[in-house]
Amino acid sequence: MQSILSITDLNKTFAGGFKALQDINLEIHPGEIFALLGPNGAGKTTLINIICGITNLTSGSVSVGGHHIVNEYRQARSLIGLVPQELTTDAFETVWDTVNFSRGLFGKPNNPPYLKELLQDLSLSDKTHNKLMTLSGGMKRRVMIAKALAHEPRLLFLDEPTAGVDVELRKGMWEQVRELRESGVTIVLTTHYIDEAEEMADRIGIINHGKIILIENKFDLMKKLGTKHVALDLKEPLVNFPESLATYNLKMNGSQLIYTYDSQKEDNGISELFEKLIHAGIQVKDLHTKESSLEEIFVELVRKR
Amino acid sequence: MKMRAVKTIYLFEMARTWRTIWQSVASPVISTSLYFVVFGSAIGSRITEIDGISYGSFIVPGLIMLSVLTQSISNASFGIYFPKFTGTIYEVLSAPISYVEIVLGYVGAAASKSFILGVLILATAGLFVPLEIQHPFMMVMFLLLTSVTFSLFGFLIGIWADGFEKLQIIPLLIVTPLTFLGGSFYSIKMLPPLWQKISMVNPVVYLISGFRWSFYGQADVGVDISLAMIAVILITCMLTVRWIFNTGYQLKN
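Line by line, the protein sequences are chains A and B. 145 is the number that the numbering used here gives to position 133 of the first sequence; each next residue is one higher, with no gaps. 32 is the number that the numbering used here gives to position 21 of the second sequence; each next residue is one higher, with no gaps.
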């Protein structure tokens, strides 16, 4: 299957010599939701800006739908929609005028039924003729999405789409993003909210100091790098720690015994641990398991590299 | 060429004119009327004629040029600077359009406003003094070329500026003095010989001279030289715009 976005050996060095991106290689498959995670200043927005034509690249190659972004910029850009990080709107324009402007800018003929439906899907129908300056932050964010979709793109970039948006609205936006994917749009999103990536993405890329340090299927990533914990609530707190349990990486927390293990290993030692507990006469009242979250994996990876 | 995209930018910019009608059109027309009152009536009563033309009529081409030059620069520079300032420029830069189409949209709108303004000032002048246009085609040509050239120059200023102060500095400190010293209110021939020579360095002299020729058939310099001067400024601006979009200067970095 041909990638909708293909990046090869991409580098970006700014005028002052700052290397914002180094040797980026990335393939985005049609129809997927790809989340790009990284701390502030990692190069996420610079990467998106280069793909969209807002910033010049220093070296390397980027193509969208098989079209090179420099040599065939018309074909490449017509496939892309962008929702930028900042709420940049023309305050004096109405919602209707601004989405029409976006569509016209991409050379598409007027299509009022499509735009009406788009605004309806984004719950903006009743705000169609309102000036942008009268809208709330959440509504403006939805207008930005409407503007990005006004020309019917195949690849949508959402640069921190839910930054500064309340929890309820965030969930609403996640739903809209899923619906967009179902309609055939490929989505690349950057976010600071790891739970957002965990909730929505099919694949995850982690970028730090301008380098992509990992690209993985979300579930594979969590399996590969995730650790699991079993917390055993004991009937009585341990007075003496049995010798037979010394080889296990156990932690005591009051009357709770916590065992951390690698979920990928065939022999994770759980059944052996239980046998030894019974043998030592330690009685278990209850048990809980917990997998490491994507956030924990992310923090660990960024800290290591 | 994506004409729909050009039209979209053009209509968006023109819509801003109608929203700010007082600032864009009425204000320059009122200012020009005041010039007629002050210069035409007060000074005109002492300087009755220049080259056989009544003083009030003599200053009409200069006053039109004064407004067209300053408004072309102001409209075009603001037109491109404002989206840079608010951040909405991302949409234009990420659209599948060439820099020629972007320039056509923004500069076309700014030049249209200036051209309309020039015609309005001409009509206003007709209320104060008798007008004579010996070469109407050339008059329209000069007005059009000046509007386009200086809108393009304003567009460059808008891209170069990274603050509102920079946006104003060239129009206020360079263009307005050059326009006032370019023969808007007098003939260069009235100056002492040394100042006549110094004035020849001022490109605005050639614009006003050529434009005045289209009205009264009299000029401080040859019409061909005036046209050549506009062409030089226009081509310089066009080459600079091409360089800006090729390198991404102040736009893509």
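Ideal placement from N, C-alpha and C gives every residue a C-beta, glycine not left out.
- Judged by DSSP secondary structure, residue 174 of chain B falls outside any alpha helix (DSSP H); it is assigned neither H nor E.
- At a Cβ-Cβ threshold of 9 angstroms, residue 15 of chain B and residue 119 of chain A count as neighbours.
- Around the Cβ of residue 174 of chain A, a 10 Å sphere holds 16 or more other Cβ atoms; the residue is buried.
- In this structure the stretch 100-110 of chain B touches the stretch 58-67 of chain A; the number of beta carbon pairs closer than 8 angstroms is three or more.
- For the 9 angstroms CB-CB criterion, residue 167 of chain A and residue 192 of chain A do not form a contact.
- Note on the stretch 231-310 of chain A: whole beta strand (DSSP E) runs with a minimum of 3 residues are 239-246, 262-265, 268-274 and 296-303, in chain order.
- Taking 9 angstroms as the CB threshold, residue 107 of chain B lines the interface with chain A.
- In the DSSP annotation of this structure, the continuous segment of the beta strand (DSSP E) that includes residue 18 of chain A starts and ends at 17-25.
- When DSSP reads this structure, residue 220 of chain A sits in a beta bridge with A:223.
- Assignment of residue 93 of chain B by DSSP, reduced to helix, strand and coil, places it in the helix class.
- Sequence-ordered contacts of the stretch 151-174 of chain A with chain B read 159 [C-beta pairs closer than 8 angstroms].
- Secondary structure at residue 48 of chain B: helix, using DSSP grouped into helix, strand and coil.
- Residue nearest to residue 298 of chain A within the set A:105, A:292 and A:286 is A:286 (criterion: CA-CA distance).
- By the neighbour-count definition (other C-beta atoms within 10 Å, threshold 16), residue 88 of chain A is a buried residue.
- Identification of residues in the stretch 83-106 of chain B having a C-beta nearer than 9 angstroms to some C-beta of chain A yields 93, 94, 97, 98, 99, 100, 101, 102, 103, 104, 105 and 106, given in sequence order.
- Residue 90 of chain A carries a helical assignment under DSSP once its states are collapsed to helix, strand and coil.
- Among the CB atoms of chain A, one or more fall inside 9 angstroms of the CB of residue 23 of chain B.
- Taking a C-beta distance under 9 angstroms as the contact criterion, residue 182 of chain A and residue 99 of chain A do not qualify as a contact pair.
- For the stretch 195-208 of chain A, the beta-carbon criterion of a distance under 7 angstroms to any beta-carbon of chain B is satisfied by none of its residues.
- Taking a Cβ-Cβ cut-off of 9 angstroms, residue 73 of chain A has no neighbours in chain B, whose nearest Cβ is about 17 angstroms from it.
- Against chain A, a Cβ distance below 7 angstroms from residue 19 of chain B picks out 113, 116 and 117.
- When only Cα atoms are considered, residue 247 of chain A and residue 269 of chain A end up about 11 angstroms apart.
- Non-local C-beta neighbours of residue 42 of chain A in its own chain, meaning closer than 6 angstroms and more than five positions away in sequence, comprise 16 and 198, ordered along the chain.
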